[in-house]
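In the numbering used here, the protein residues as written are 283 to 554.
Every residue gets a Cβ at the ideal spot worked out from N, C-alpha and C, and that includes glycine.
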């Protein structure tokens, strides 16, 4: 019995940037949050460039094959990212190119050259290739799974990477050595001061709009950053959520907040 080919979609508003050459991985390894040296063909890994203050400048998905690393980046910051990487390049043997002939692809099923997006627990597959037949936003699936996105839930230098769970998705290589902003985010983890997380909210009615405060009694515990249908994502203060016995609500609607075990606060650690 023949099986139908997977429906492959082009993700809109995404740019493919490549860093290639014998020193491409070494360049990225010392600059971005993700461990690029261990990235294998057939893998997808989130990553980000931070500001020196540890805030997220831009994030992306990474794919690699040999001496080439592809970055699946939101359109708006793509050109600025290419320029920043070129500044950090110095004499490194690496070429940084915006690939206008390639597209960011996704599907709910594996396809040739694809890799599991680790943020979705195996239900979404990503890749880089020629533009697919249809252009479909992945926003609805991201909101359903509680996955925040640059440009929709946050902007440049607004949040720390841990606020949007980049570390939980495997996007911070804690043991790979230094990267821009590393001292700040490592100190937050080491001291157990990661208090904010992006979490899924579920409502019985339509979820309130971005910017709506999330309350527990009279205390503000967070703010909705995006919503669709009955689902929303909110940046929540975990300490305030755990300290209250009141049911959370937003815009007069009670909601359920899911706090996965891997997003609960860490105890202070000796070293990272």
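Check whether the segment 519-526 and the segment 425-435 touch, using three or more Cβ-Cβ pairs below 8 Å as the test. Between the segment 519-526 and the segment 425-435, the count of C-beta pairs closer than 8 Å stays below three; the two stretches do not touch.
| request: Using the Cα positions of residue 325 and residue 402, report the straight-line distance between them to the nearest angstrom. | output: Rounded to the nearest angstrom, the two C-alpha atoms are 14 Å apart.
Under a Cβ-count criterion, where at least 16 other Cβ atoms within 10 Å of its own Cβ denotes burial, should residue 286 be classed as buried or exposed? By the 10 Å Cβ count, residue 286 comes out exposed.
When the distance is taken between beta carbons, is residue 507 closer than 8 Å to residue 435? In contact: residue 435 and residue 507 (Cβ atoms closer than 8 Å).
Checklist line | Cβ contact check for the segment 288-297 and the segment 376-395: 3 or more pairs under 8 Å | finding: When Cβ pairs closer than 8 Å are counted between the two stretches, the segment 288-297 is seen to touch the segment 376-395, the count reaching three or more.
Would you call residue 430 buried or exposed, if buried means 16 or more other Cβ atoms sit within 10 Å of its Cβ? Counting C-beta atoms within 10 angstroms of its own C-beta, residue 430 has 16 or more neighbours from the protein chains shown and is therefore classed as buried.
**Asked** By Cβ distance, which residues of its chain are closer than 8 Å to residue 399, with the 5 residues on each side in sequence left out?
**Response** Result list for residue 399: 326, 343, 388, 406, 407 and 408, in chain order.
At a Cβ threshold of 8 Å, is residue 290 touching chain B? In summary, chain B is missing from the structure at hand, where a single protein chain is found.
Item to complete: Provide the residue span of the beta strand (DSSP E) that contains residue 344, from first to last.
Response: 338-347 is the span of the beta strand (DSSP E), which, as asked, contains residue 344.
- request: Just the C-alpha distance for residue 380 and residue 333, rounded to the nearest angstrom, thanks.
  value: The straight-line gap separating the alpha-carbon atoms of residue 380 and residue 333 is approximately 22 Å.
**Study point:** Backbone secondary structure at residue 311 - three-state DSSP
**Key:** DSSP, read as helix, strand or coil, puts residue 311 in helix.
If you follow the alpha helix (DSSP H) that residue 469 is part of, which residue opens it and which one closes it?
Per DSSP, residue 469 belongs to the alpha helix (DSSP H) from 464-472.
Would you report the Cα separation of residue 530 and residue 445, rounded to the nearest angstrom? The alpha-carbon separation between residue 530 and residue 445 amounts to approximately 19 Å.
_Judging by CA-CA distance, which residue of 356, 476 and 479 is the nearest neighbour of residue 419?_
Selected option, being the one with the closest Cα: 356.
| query | Using the beta-carbon count (16 or more within 10 Å), is residue 544 buried or exposed? | reply | By the beta-carbon neighbour count (other beta carbons within 10 angstroms, threshold 16), residue 544 is exposed.
Nearest by alpha-carbon distance to residue 359: which of 346, 328, 438 and 348 is it?
Of the candidates 346, 328, 438 and 348, the residue whose Cα lies closest to the Cα of residue 359 is 438.
Quiz item: Considering only residues of the segment 444-529, which uninterrupted beta strand (DSSP E) runs meet the minimum length of 3 residues and lie entirely inside it, listed in chain order?
Solution: Runs of the beta strand (DSSP E) lying entirely within the segment 444-529 and spanning at least 3 residues, in chain order: 478-485, 495-498, 501-510 and 513-519.
- Check the DSSP bridge columns for residue 389 and list the partner residues they point to. Residue 389 is bridged by DSSP to 407.
*Coil, strand or helix - residue 321 by DSSP*: The three-state secondary structure of residue 321, taken from DSSP, is coil.
| said: Our contact map puts residue 313 next to residue 461 with C-beta atoms below 8 Å; I'd like the distance itself, whole angstroms only. | reply: Correct: roughly 6 Å between the Cβ atoms.
**Prompt:** Does DSSP put residue 432 in a helix, a strand or coil?
**Reply:** Shown here, residue 432 sits in a strand according to DSSP, grouped into three states.
Q: Taking the CB atoms as reference points, tell me whether residue 351 and residue 397 lie closer together than 8 Å.
A: No, the pair does not count as a contact, with Cβ atoms beyond the cut-off.
Select from 337, 458, 363 and 320 the residue whose C-alpha is nearest the C-alpha of residue 345. Nearest C-alpha to residue 345: 320.
| said: Less than 8 Å between the C-beta atoms of residue 455 and residue 317, yes or no? | reply: In this structure, residue 317 lies closer than 8 Å to residue 455 by Cβ.
**Q.** Span separating the alpha-carbon of residue 283 from that of residue 328
**A.** Bear in mind that the predicted position of residue 283 carries a pLDDT of just 44, short of 50, making it too unreliable to give a figure here.
Nearest by alpha-carbon distance to residue 362: which of 339, 377, 374 and 349 is it?
Per the C-alpha coordinates, the member of 339, 377, 374 and 349 positioned closest to residue 362 is 339.
message = As a quick exercise: from 516, 510 and 511, pick the residue whose alpha carbon is nearest that of residue 503.
response = It is 516 whose Cα lies nearest to the Cα of residue 503.
- request: Under 6 Å Cβ to Cβ from residue 514, same chain only, skipping five residues before and after it: list those, please.
  value: Taken in chain order, the residues that qualify are 483, 489 and 506.
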